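Asker: So the sequences go chain by chain: F and E.
The first sequence begins at 1 in the working numbering and counts up by one.
The second sequence begins at 149 in the working numbering and counts up by one.
Here a beta-carbon is modelled for each residue, glycine too, at the ideal position from N, C-alpha and C.
The structure presented is a predicted model; accordingly, all values stated were derived computationally and were not measured.
Got a structure for you, written out below as structure tokens; questions coming shortly.
Protein chains: 2
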Amino acid sequence: MTRPPKVFFLVHKAHTALIRAVDRRSRRDAGLSMTQQGVLFLLERQEGLTLGEVADALSLGKSSLSGLIDRMEERGLVRRGSGEGDGRIVRLFLAGDARALVAKSRPMVSGWNATLLAPFDAAEQKVIARFLTHVAEYAEEIVEEGAT
Amino acid sequence: MTRPPKVFFLVHKAHTALIRAVDRRSRRDAGLSMTQQGVLFLLERQEGLTLGEVADALSLGKSSLSGLIDRMEERGLVRRGSGEGDGRIVRLFLAGDARALVAKSRPMVSGWNATLLAPFDAAEQKVIARFLTHVAEYAEEIVEEGAT
DNA sequence: TTCATCTATTTCGTATACGAACAAACTCAC
DNA sequence: GTGAGTTTGTTCGTATACGAAATAGATGAA
Numbered sequence: 001m002t003r004p005p006k007v008f009f010l011v012h013k014a015h016t017a018l019i020r021a022v023d024r025r026s027r028r029d030a031g032l033s034m035t036q037q038g039v040l041f042l043l044e045r046q047e048g049l050t051l052g053e054v055a056d057a058l059s060l061g062k063s064s065l066s067g068l069i070d071r072m073e074e075r076g077l078v079r080r081g082s083g084e085g086d087g088r089i090v091r092l093f094l095a096g097d098a099r100a101l102v103a104k105s106r107p108m109v110s111g112w113n114a115t116l117l118a119p120f121d122a123a124e125q126k127v128i129a130r131f132l133t134h135v136a137e138y139a140e141e142i143v144e145e146g147a148t
Numbered sequence: 149m150t151r152p153p154k155v156f157f158l159v160h161k162a163h164t165a166l167i168r169a170v171d172r173r174s175r176r177d178a179g180l181s182m183t184q185q186g187v188l189f190l191l192e193r194q195e196g197l198t199l200g201e202v203a204d205a206l207s208l209g210k211s212s213l214s215g216l217i218d219r220m221e222e223r224g225l226v227r228r229g230s231g232e233g234d235g236r237i238v239r240l241f242l243a244g245d246a247r248a249l250v251a252k253s254r255p256m257v258s259g260w261n262a263t264l265l266a267p268f269d270a271a272e273q274k275v276i277a278r279f280l281t282h283v284a285e286y287a288e289e290i291v292e293e294g295a296t
């Protein structure tokens, strides 16, 4: 006779706690916001992504990313390059000591990930992943279609 | 041989999708941000909470909430009252048509919740709730203690 | 009483994020 | 080619959120 969990609220709580902690840590260690770290992580895996691709990958609007990249460029961590054929396209590349920053952070993030998952066995981890993916995929549809 | 899910990223994706959808919907239907709705939901359940209590319940800094309440007060949805004995305390009360707004929204939110959980059986829902609670509770500790 | 200290909230400065509106570059039908 | 419409990114205005510092009230020890 347990009621269903309030997914909405629980997701928000979990996210807030996690993101705030990571953001604080990231600002303290590297002077970068979490999103800025996200950009670096992404580019370290694949340089030359377009601004739009990076925005999509980070679930961020292009307008938000545009200003973020401005600040990162000023700090010399990222460089805007032009797309070869297409003059509209902006391709992003790592610069300065961005690679070193990522190299330092990535194992730390993996560690957090492992620790957070430690209390859950493989089957449970699958459920968790399935749930989060499900929410990411269908949230908009579900929320939009609901009756007014 | 499946790798563990990247919890961090998945939580972020799920949250972003969910919150953005709900926020857009809320602004469209009621002209309120999601956080503002959160304040109303909370006060509808228990009026007269202090500003600090509301901030904690919503995982929000007091400074953030202070300005938010300013705007809600201007719109006549909330009222600042004084704590009886203690002059520092600000107690919050619903005003205007706040109650009607909540009455309209609450069943909708319940619907979203049910739909999001529909593909998961009771046991799986328990795992999901346990995981989200776990993250909310230990994220800060885990992220802070990690090696530099 | 009175001064130091603690607590609850507000103010301040900055970063982040959104959507709308815009500009520039491309594509395609003709 | 030319003009309509699309795609890509930037700019603009506003709301949200944070942390640090300031304010105002409460509490307690001398």
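Residues of chain E with CB under 9 angstroms from residue 161(F), in chain order?
Answerer: The displayed coordinates of chain F run from 1 to 148. Any statement about residue 161(F) would go beyond what the structure contains.
Asker: My parser needs the alpha helix (DSSP H) runs of 4 or more residues fully inside the stretch 170 to 195 of chain E; what are they?
Answerer: Counting only runs of 4 or more, we get 182 to 193.
Asker: In chain order, what residues of the same chain have a beta carbon less than 6 angstroms from the beta carbon of residue 218(E), not counting five sequence neighbours either side?
Answerer: As a working note, residue 218(E) is residue 70 in the second sequence. Closer than 6 angstroms at Cβ, skipping near neighbours: no residue.
Asker: For residue 120(F), list the residues DSSP reports as bridge partners.
Answerer: As a first step, residue 120(F) must be located in the first sequence, where it is residue number 120. The partner list for residue 120(F) (beta bridge, DSSP) is empty, contrary to what the question assumes.
Asker: Quick one: Cα of residue 73(F) to Cα of residue 67(F), how far?
Answerer: Looking up residue 73(F) in the first sequence gives position 73. Looking up residue 67(F) in the first sequence gives position 67. Cα to Cα, residue 73(F) sits roughly 10 angstroms from residue 67(F).
Asker: Under 7 angstroms, CB to CB, which of the residues in the stretch 181 to 208 of chain E have a partner in chain F?
Answerer: Result list: 207.
Asker: Which value, in whole angstroms, describes the spacing of the CA atoms of residue 293(E) and residue 21(F)?
Answerer: For the purposes of this step, residue 293(E) is identified with residue 145 of the second sequence, where counting begins at 1. For the purposes of this step, residue 21(F) is identified with residue 21 of the first sequence, where counting begins at 1. Whole-angstrom Cα-Cα distance: 11 angstroms.
Asker: What residues in its chain sit with their C-beta under 6 angstroms from that of residue 32(F), if we drop five residues either side in the sequence?
Answerer: On the first sequence, position 32 is the one that residue 32(F) refers to. Around residue 32(F): 26.
Asker: Helix or strand or just coil, what does DSSP make of residue 207(E)?
Answerer: Here residue 207(E) refers to the residue found at position 59 when the second sequence is read from its first residue. Reduced to three states, the DSSP call for residue 207(E) is coil.
Asker: Residue 5(F) and residue 185(E) look like a contact to me (Cβ under 8 angstroms); what is the Cβ gap, rounded to whole Å?
Answerer: The count along the first sequence starts at 1 and reaches residue 5(F) at position 5. The count along the second sequence starts at 1 and reaches residue 185(E) at position 37. Wrong, their Cβ atoms sit about 19 angstroms apart, outside the cutoff.
Asker: Answer with buried or exposed for residue 253(E), where buried requires no fewer than 16 other C-beta atoms within 10 angstroms of its C-beta.
Answerer: Position 105 of the second sequence, counting from 1, holds the residue named residue 253(E). Buried is the call here.
Asker: Count the other CB atoms within 10 Å of the CB of residue 210(E); is the residue buried (16 or more) or exposed (fewer)?
Answerer: Taking the second sequence and counting its residues from 1, one reaches residue 210(E) at position 62. Residue 210(E) should be labelled exposed.
Asker: For residue 92(F) versus residue 51(F), is the C-beta spacing smaller than 8 angstroms?
Answerer: Looking up residue 92(F) in the first sequence gives position 92. Looking up residue 51(F) in the first sequence gives position 51. Yes, they are a contact pair.
Asker: In this structure, does DSSP put residue 99(F) in helix, strand or coil?
Answerer: Here residue 99(F) refers to the residue found at position 99 of the first sequence. The answer is helix: DSSP assigns residue 99(F) an H, G or I state.
Asker: What number of angstroms, rounded off, separates the C-alpha of residue 117(F) from the C-alpha of residue 48(F)?
Answerer: Walking along the first sequence from the start, residue 117(F) turns up at place 117. Walking along the first sequence from the start, residue 48(F) turns up at place 48. So the alpha carbons of these two residues sit roughly 32 angstroms apart.
Asker: My guess is that residue 290(E) and residue 12(F) are in contact by the Cβ rule of under 8 angstroms, so how many angstroms apart are they, rounded?
Answerer: Start at 1 with the first residue of the second sequence, and residue 290(E) comes out as number 142. Start at 1 with the first residue of the first sequence, and residue 12(F) comes out as number 12. The pair is not a contact, with the Cβ atoms about 19 angstroms apart (cut-off 8 angstroms).
Asker: Against chain F, with Cβ distances strictly below 8 angstroms, would residue 228(E) count as a contact?
Answerer: As a working note, residue 228(E) is residue 80 in the second sequence. Residue 228(E) does not count as touching chain F.
Asker: Distance cutoff 8 angstroms, beta carbons only. Does residue 101(F) sit that close to anything in chain E?
Answerer: Within the first sequence, residue 101(F) is the residue found at index 101, counting from 1. Not one chain E Cβ lies under 8 angstroms of residue 101(F).
Asker: Under the rule that 16 or more other beta-carbon atoms within 10 Å means buried, what is residue 150(F), buried or exposed?
Answerer: Outside the displayed span of chain F (1 to 148) sits residue 150(F), for which this structure offers no information.
Asker: Given a cut-off of 8 angstroms on the beta-carbon distance, is the pair residue 287(E) and residue 17(F) in contact?
Answerer: If you number the second sequence from 1, residue 287(E) lands on position 139. If you number the first sequence from 1, residue 17(F) lands on position 17. Yes, Cβ-Cβ distance for residue 287(E) and residue 17(F) is below 8 angstroms.
Asker: Would you decide whether residue 270(E) is buried or exposed? Buried here means 16 or more other CB atoms lie within 10 Å of its CB.
Answerer: Within the second sequence, the letter at position 122 stands for residue 270(E). Answer is exposed; the Cβ neighbour count stays below 16.
Asker: Counting only C-beta atoms, is residue 154(E) closer than 8 angstroms to chain F at any point?
Answerer: Residue numbering aside, residue 154(E) sits at position 6 when the second sequence is read from its first letter. Yes, because at least one Cβ of chain F sits closer than 8 angstroms to the Cβ of residue 154(E).
Asker: Enumerate in chain order the residues of its own chain whose CB-to-CB distance from residue 247(E) is below 7 angstroms, with the five nearest sequence positions on each side excluded.
Answerer: Taking the first residue of the second sequence as 1, we reach residue 247(E) at position 99. Excluding residues within five positions, the ones whose Cβ falls inside 7 angstroms are 192.
Asker: Could you give the distance in angstroms between the alpha-carbon of residue 88(F) and the alpha-carbon of residue 136(F)?
Answerer: Within the first sequence, the letter at position 88 stands for residue 88(F). Within the first sequence, the letter at position 136 stands for residue 136(F). Between residue 88(F) and residue 136(F), the C-alpha separation is close to 30 angstroms.
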